[in-house]
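*Asks:* Could you have a look at this structure, given as C-alpha cells, before my questions?
In the working numbering, the protein residues as written are 180 to 341.
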C-alpha cells in the first residue's frame with residue numbers, strides 16, 4: 180500500500196525544507212511517521228504536528244520509549260509537542276538505539292570531500308562514537324575511533340558494534 184503525505188501549508192507539496200539532511204522514521208508502533216520535521220498519522224495520511232525548525236538539519240528519530248522524538252539536537256515531547264531539551268552531543272549526528280538497554284550510539288557519518296577541498300574541511304569530519312543514556316541524554320562514554328565512520332550497526336545479540 181502506498182500513501183502520499185502532503186503538507187497544506189506548503190501548497191500541498193511534500194517538498195523537503197532540510198535539503199539532503201533529512202530522513203523518514205516510523206514510530207515504535209508504526210502509527211506515525213516523522214519526516215522533515217513533520218509528524219504524520221500513517222492511517223489517515225493527515226499532518227499531526229509541525230515541529231519548529233531549530234536548525235537546517237532535519238534528521239529525526241523516535242526515542243524507543245515512544246514519548247519523544249529527536250530532530251537533530253532537539254528532543255520533543257510527543258504528548259505535549261513541547262521542546263524538552265536541546266542536547267548538543269546530538270548536533271548533526273546519526274543515532275543507533277540499543278534495544279536491550281536504555282542506550283543510544285551517536286556518531287557523525289563520514290562525508291567525503293573533493294580532492295581540492297582544504298584540510299580544514301577534512302578536519303570537520305568527526306571520528307568519535309558517543310554512548311548516551313536514552314532516559315536523560317547524558318553522556319555515558321565517548322571514544323575517538325580516529326577513522327571515518329560511515330555507519331553503525333549492532334549485531335542481533337547487541338554484543339558487537341560494527
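The beta-carbon is built from N, C-alpha and C at its ideal position, and this holds for glycine as well.
Report yes if the C-beta distance between residue 272 and residue 309 is below 9 Å; otherwise report no.
*Replies:* Taking the chain shown and counting its residues from 1, one reaches residue 272 at position 93. Taking the chain shown and counting its residues from 1, one reaches residue 309 at position 130. The answer is yes: Cβ separation under 9 Å.
*Asks:* Using a 10 Å radius around the Cβ and a threshold of 16 neighbouring Cβ atoms, would you call residue 340 buried or exposed?
*Replies:* For the purposes of this step, residue 340 is taken as residue 161 along the chain shown, with counting starting at 1. So residue 340 counts as exposed.
*Asks:* Return the bridge partner residues of residue 264 from the DSSP annotation.
*Replies:* Position 85 of the chain shown, counted from the start, is the residue given in the question as residue 264. According to DSSP, residue 264 bridges with 254.
*Asks:* Throw me the rounded Cβ distance for the residue 306 and residue 330 pair, which I believe falls under 8 Å.
*Replies:* The residue you call residue 306 lines up with position 127 of the chain shown. The residue you call residue 330 lines up with position 151 of the chain shown. Contact flag wrong, Cβ pair sits at about 14 Å.
*Asks:* Note down the Cα distance separating residue 291 from residue 332, rounded to an integer number of angstroms.
*Replies:* As a position in the chain shown, residue 291 is number 112, starting the count at 1. As a position in the chain shown, residue 332 is number 153, starting the count at 1. Distance between the alpha carbons of residue 291 and residue 332 is about 20 Å.
*Asks:* Consult DSSP for residue 269 and reduce its assignment to one of helix, strand or coil.
*Replies:* The residue labelled residue 269 in the question sits at position 90 within the chain shown. Note: residue 269 maps to helix in three-state DSSP.
*Asks:* How would you write the range of the beta strand (DSSP E) that residue 206 sits in, first residue to last?
*Replies:* Numbered from 1 along the chain shown, position 27 holds the residue referred to as residue 206. That residue, residue 206, is in no beta strand (DSSP E); it is neither H nor E in DSSP.
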